[in-house]
Structure formats: C-alpha cells, structure tokens
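Working notes, structure below.
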Amino acid sequence: MTLVRGRTTAHRLAVTAVAAGLCTAGMTALASPAQAGGRPDGTVEQHGGAQATLVGLTTHGPAVIRTDGERQEVSAGLFEMTVAGGGSLQTYGLDALNPVQAQTRYAEGSWKSSTLHGNRNAGKIRWILEHSYPKVNDLQKLADAAGTRHLTPQSAAAGTQVAIWRFAEAGSQRPDDHTHDKARGHTGDSAHGTARHGRPEITAVDPAAEKLADRLVENARSMPEPGASLALGPAEVSGRNGDRVGPVTVRTNATTVSVAPDPHAVSRGVRIVDKEGKETDTAHNGSRLYFDVPPGSDPGSASLTAEAATKIPAGRVFTQAGGRGRSQTQILAGSSRSTVSATAGVNWAPKGPVPAATFEEDCAKGGVGITVANHGDEPFTLRAGGQRAEIPQDDTRTVMVPVEEDQPYRIPVAGPNGYEKTFSGVLDCATSAATDSVGPHGAVAGGERPATVGGGEAVMGSSKDLAETGSGGTHLMALIAVGFVVAGGVTMILVRRRA
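For the sequence shown, this note's numbering gives the first residue as 6, with consecutive numbering after it.
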C-alpha cells in the first residue's frame, strides 16, 4: 500500500525512502549472522496481558498531515491485530508521523510507559474511544451528533483517528516546550490553524470525517486509564525454601483466571497456594498467590503462568515488543474475547542472598528501572547494564538504566550464585514530532524507517531473508550488501541534484 501520493515533496520522500531502504538493507546484510537473527535465549520481555501481532489497516479514509510547510496525504483509520492464543483487536495509532510495520509484535502496556506519558489529553483520547466508532456503531446516530448528514465506516474511522492524533500530538511534550498547545496541535480558535514548534496539523479529507473529528475534540472529557486485562505483581519474588514465598497479586478484568506451575516447579515439588496455604489452580482479581517451596530443597527457581479469556478494555495501550524497525504505538478501540496471560517467577535458597529482579520502563526518567529485592540474610552486588549497586539483606533497591528514545534495549542483570537474566524492549515515550525525529520533508527520520506515515503500512522483509546463521551464504550476502549500499548512495545523490 503506497500512502504518500503524487506531489513533488511526496515524490522526493518516496525516492529518498528507496535510497534509505537500500542503504539499510546493505548495512543489515553486512551485520553478523548472529546480529541478524532473533532474540538470544534468556532474554526477558516482561509483559502481562495480551500479546498481539499487527495485521494491517482495515477500515480507513484519507487524511492530510501538514508539518513545516510540507503536505502529506495518508490513510487514517482502524488497524487489526491478532492475539497470541486467540482473539482479535481493533486499534488506532497514537503517533501520526511514525510509520507502521505490518507483522510487528505488540504488548499491552500502561500509559506511563508509552507516548501517552505526561499527556494531559490521554483521558480525552479514551473518551473518544468510548463515544465514537467502532464502539458506537450506529453510524447515523454518530453522524447526527457530528452535525453531518452521513457517515460510512471509512469516514467514521478516519474522523476518529484524526481526533485521536490531534490530542496525542498536542499533549505530547517536547523537551523544550513548556507550554501546551490546543488539541489540534496548534494555537488559535480556527478550525485548522497552523502548527507550532513543528507539531503536525492533521485534517480529514472527507468533510463528514472532518466534522466528526472536530466535534469529538470539542466534546471530549477526561476519563481514567483502564486497568490491565491481566497482570501479576511483582513479576518475581524470592525467599527461603520451606516457606510460602510471595505474595504475587492478580489484577484482571476477567471473571476467572487459571493458574499453573511450570514443569520445573512441578519437578521440584513447588506448589501454587492461596493466602490460606491451600493449593489452587484458579484466581480472580485481587487474589494473592504464593509459591510453597518444600523444606530441604536445593537453591533453585521456578515460575507460574496465569491465563484468562476476556475482552480487553478500550483505551489500553499497545507498544512495540521488540522486532526490527519502528512501529507506531497503538491504543485499543475494540476487542473480541481474547487470550491474555502473565507470568511470575520465584527464586529460593536456604541461606545467603536471594535476589528477585523486575523492570519497568520509566518515561519520566528516560530509562528502564531495574528493581531488585534481596530476601536473604547477606548483601550482594547487583550488576545491571554496566552499573553496580549494593543490595542489603532484606531490602529492595531500584537502579535506573538510561535508554535512548525509540531504541530497542537489552539490559543484562547479574547477581549472586549465577543469577542472570536480560531485560529487553523498546522505549517509546514520545511522538515523532515531539522528539524532532522528523526529516526535512516531513518523513520520519532514520534509515531503517520507511517513508509511509500515519496510518500507513510498511511491510519489511523477513529477518530470515538476512539471517543465515552458520551458513555458507555469508560472503554472498556481503557482496549483495555492498551493491545495496552503492545503489543507495547513487540514488541519494540523484535526489539531492534534482532537489
């Protein structure tokens, strides 16, 4: 799907994207086979709730984004995701200038760990989701409320997306912007106005969709963030063998949650019990679960998995969960009955330090907070992402590891007695416009990112095409890479001359 259409600026964007893509393909091919492959074993992506894969844009209409004097026409509307384990989701985007990569893996998350962090309009975006399409599927009723004669699913989806983008962009703080713009991403009382500080001005092409967007922005009221579909906290606990170690608290909107120990726990005789000490295989919202570790056990670790089927509440954020490239953060508009899950781990030992580590992306501090508890009788030294911290006995400390915006991260954590794990993810705390990651002609900056914007789809080649680990094709891949780099360089020169 080509979304940047037939204007001179858009043509330059498209050609530049080809060059950037060729250069990126070349550099990717030059990477070692291990780098081009998948995630290393032992990497932890600590997510609770739904895990989903973005299929693509399904119901949409045209919109226009104006940034720094440039005009781009894009598709705006509903995306579809498939949920791991069963179920489907409908979502809208939260970052108008960020591309969308089909087949990107997403994970349910919180507002504070997403581009909605610090956004005063976040609650108004949820209001739009509750009062517009597809939650309100009576299109005539929606048209009457918007003051227009007729709405189609396409124009309703486009108008809703435009309204969401306006609030998402206007409320996302730039590092040097200490004032808030109005909801459309600009100042003034006119319907469209002009963008300030490089913020995009976003309008729907269809007059009915534009009326809907305006009315949604005018009428929106703040609503609280919805709770997680399923979460366990903390995600790891520690203690002595012979004790009930925990608690792990269940938070969910599901009626019932199934709970099961992993095979390692079963083999070590570890049982999952409730607060009364009774073995259990079910839980509900607010349940407290414990790991009952047999006395005399050798030091070890185990885990439990909680799973449920539920409708995920509208307004939950879905952020990119690893993968290559960058893909626009999504917010949930509708959900079928879907599978959600979460895990929690336990470490135990008869004496000495006993660590338990969890992590949380902290947009306010620009990094990842590694929280480590020591429920042992001796202190230990924690190593996390190149930093060291002394963790006293029976105490908890948090180490903040700085992470660059929009960058995938892998943070190794090491402690006593061979304790090791690696936390991974992608920190996405601000929209592209708020971080100045927009190129000179309005395209998202960065060689690995296609020049589709807003609601666009950009299907990238499978990593398997470049990851021939241990094969004899490495030299051939290197030669092809050189060709890509040369071709990309020549194309960039031609673009500059024509410009």
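Even glycine gets a Cβ: it sits at the ideal position worked out from N, Cα and C.
The beta strand (DSSP E) enclosing residue i, as first and last residue numbers
{"i": "Arg293", "result": "Arg293 to Asp297"}
{"i": "Arg154", "result": "That residue, Arg154, is in no beta strand (DSSP E); it is neither H nor E in DSSP."}
{"i": "Val275", "result": "Note, Val275: premise wrong, no beta strand (DSSP E); not H, not E."}
{"i": "Pro212", "result": "From DSSP, Pro212 is part of no beta strand (DSSP E) but of the alpha helix (DSSP H) over Pro212 to Asn224."}
{"i": "Thr96", "result": "Ser93 to Gly98"}
{"i": "Gly82", "result": "Glu75 to Val88"}
{"i": "Ala394", "result": "Gln392 to Ile396"}
{"i": "Glu366", "result": "Pro360 to Asp367"}
{"i": "Pro266", "result": "Val262 to Pro266"}
Supposed close pair residue i, residue j - CB separation, criterion 8 Å
{"i": "Ala513", "j": "Ala347", "result": "Past the boundaries of the shown model lies residue 513; the chain is included only from 6 to 504, so the question cannot be answered."}
{"i": "Asn246", "j": "Pro300", "result": "6 Å"}
{"i": "Gly350", "j": "Ser308", "result": "4 Å"}
{"i": "Pro417", "j": "Gly374", "result": "Incorrect: roughly 16 Å between the Cβ atoms, too far for contact."}
{"i": "Cys434", "j": "Glu410", "result": "6 Å"}
{"i": "Ile317", "j": "Ser234", "result": "4 Å"}
{"i": "Val262", "j": "His289", "result": "6 Å"}
{"i": "Gly98", "j": "Ala209", "result": "Contact doesn't hold; Cβ gap of about 14 Å is too wide."}
{"i": "Asp100", "j": "Ala214", "result": "Going by Cβ atoms, the distance from Asp100 to Ala214 rounds to 20 Å, so no, they are not a contact pair."}
{"i": "Ser343", "j": "Ala151", "result": "Actually they do not touch by this definition, with Cβ atoms about 30 Å apart."}
{"i": "Gly381", "j": "Pro358", "result": "4 Å"}
{"i": "Gln108", "j": "Gly330", "result": "In fact, because the Cβ distance is near 10 Å, the residues do not count as touching under 8 Å."}
{"i": "Trp353", "j": "Gly305", "result": "6 Å"}
{"i": "Val404", "j": "Ala394", "result": "5 Å"}
{"i": "Ala319", "j": "Val167", "result": "That belief does not hold up - the Cβ atoms of Ala319 and Val167 are roughly 18 Å apart, past 8 Å."}
{"i": "Val250", "j": "Phe296", "result": "5 Å"}
{"i": "Leu294", "j": "Pro252", "result": "6 Å"}
Bridge-paired residues (DSSP) for residue i
{"i": "Trp353", "result": "Gly244 and Gly305"}
{"i": "Leu237", "result": "Val255"}
{"i": "His65", "result": "Gly82"}
{"i": "Arg415", "result": "Ser429"}
{"i": "Ser343", "result": "Thr315"}
{"i": "Gly372", "result": "Asp367 and Pro407"}
{"i": "Ala101", "result": "BP columns for Ala101 are empty, so no partner."}
{"i": "Thr348", "result": "Thr310"}
Where residue i falls: helix, strand or coil (DSSP)
{"i": "Asn142", "result": "coil"}
{"i": "Lys283", "result": "coil"}
{"i": "Glu383", "result": "coil"}
{"i": "Val60", "result": "strand"}
{"i": "Ile207", "result": "strand"}
{"i": "Leu337", "result": "strand"}
{"i": "Ala378", "result": "strand"}
{"i": "Gln166", "result": "helix"}
{"i": "Glu410", "result": "coil"}
{"i": "Pro421", "result": "helix"}
{"i": "Arg331", "result": "coil"}
{"i": "Thr72", "result": "strand"}
{"i": "Gly26", "result": "Because Gly26 carries a pLDDT of 36, less than 50, the predicted location of this residue cannot be relied on, and the following value inherits that uncertainty. Note: Gly26 maps to helix in three-state DSSP."}
{"i": "Ala36", "result": "Since pLDDT at Ala36 reaches only 32, below the 50 mark, its modelled position is unreliable, and no value is offered."}
{"i": "Ala161", "result": "helix"}
{"i": "Ala148", "result": "helix"}
{"i": "Glu174", "result": "helix"}
{"i": "Ser118", "result": "helix"}
{"i": "Ala389", "result": "strand"}
{"i": "Ala188", "result": "Because Ala188 carries a pLDDT of 42, less than 50, the predicted location of this residue cannot be relied on, and no value is offered for it."}
{"i": "Gly53", "result": "coil"}
{"i": "Gly232", "result": "coil"}
{"i": "Asp400", "result": "strand"}
{"i": "Ala435", "result": "coil"}
{"i": "Asp46", "result": "In this prediction, Asp46 has a pLDDT of 41, which is less than 50 and means its spatial position is unreliable; what the coordinates show is noted afterwards. Note: Asp46 maps to coil in three-state DSSP."}
Delimiting residues of the alpha helix (DSSP H) encompassing residue i
{"i": "Arg321", "result": "Careful: Arg321 lies outside any alpha helix (DSSP H) and carries neither H nor E."}
{"i": "Ala127", "result": "Ala127 to His136"}
Residue i beta carbon near the ligand MG (any heavy atom closer than 7 Å)
{"i": "Leu134", "result": "The ligand MG is not part of this structure, which contains no ligands at all."}
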